[in-house]
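Chemist: Residue numbering for the sequence shown follows the numbering used here, starting at 4 and increasing by one per position.
Where is the CB? At the ideal position from N, CA and C, for every residue including glycine.
Keep in mind that this is a model prediction, so the values were computed, not measured.
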Amino acid sequence: MNMLLTCGMAVHARELLTSVGAHIREQDVLHFWGLTCFWMQEFSYHGFDDDGILSTREGDVAFDKKGIISWLLDQQPDTGIAEPEYQPQPPQPPQPQSPQPPPQPQPQPQPQPQPLSLPQTGFFAQRRRRRAKSNESGAIDRAARREKRRQELGVRLNTY
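1. Taking all protein chains shown into account, do 16 or more other C-beta atoms lie within 10 angstroms of the C-beta of Ala147, making it buried, or fewer, making it exposed?
2. What does the alpha-carbon distance come out to for the pair Arg145 and Gln113?
3. Could you tell me the alpha carbon to alpha carbon distance between Arg130 and Arg149, rounded to whole angstroms?
4. Which of the three DSSP states, helix, strand or coil, is assigned to Gly141?
5. Any Cβ of chain D within less than 7 Å of the Cβ of Gln111?
6. State the DSSP-derived secondary structure class of Gln154, mapped to helix, strand or coil.
Take a look at the structure:
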């Protein structure tokens, strides 16, 4: 359960970061994921509300969207090399293609399904045999009861 909640928080953090165009490395998101485990234990995690504020039993903690993003940005080491500015790529229009007839699929012979063979030893095999035997006797009993009912109804119908 905790793992699912932390997965959700890590995905939520990634969505927050990409929504503002932050250039965050995967390891930073995983580091944030590790911190969510700590937050869950410390603050009895209830979840982010629609504004991205971490709600707890003690009240809202000041880890809103801006706080998370600035914390993650602070965690990145300064390499002295400026990272490229994030610029979303505009969608490329589809390239026109010359119309080509689709290749005709060759009919493949359908392989005949092989019947599944169940193991004939062990507990489940014994249970299958017992059920089959009881189903047989049950079917015989049901047929006998059905025939008896027909005879009773026939007698009744003839008496009225």
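Modeler: Once the coordinates are examined:
1. exposed
2. Cα to Cα, the separation comes out at about 40 Å.
3. 28 Å
4. helix
5. Absence of chain D from the displayed structure is noted, only one protein chain being present.
6. Gln154 sits in a helix when the DSSP states are folded into three classes.
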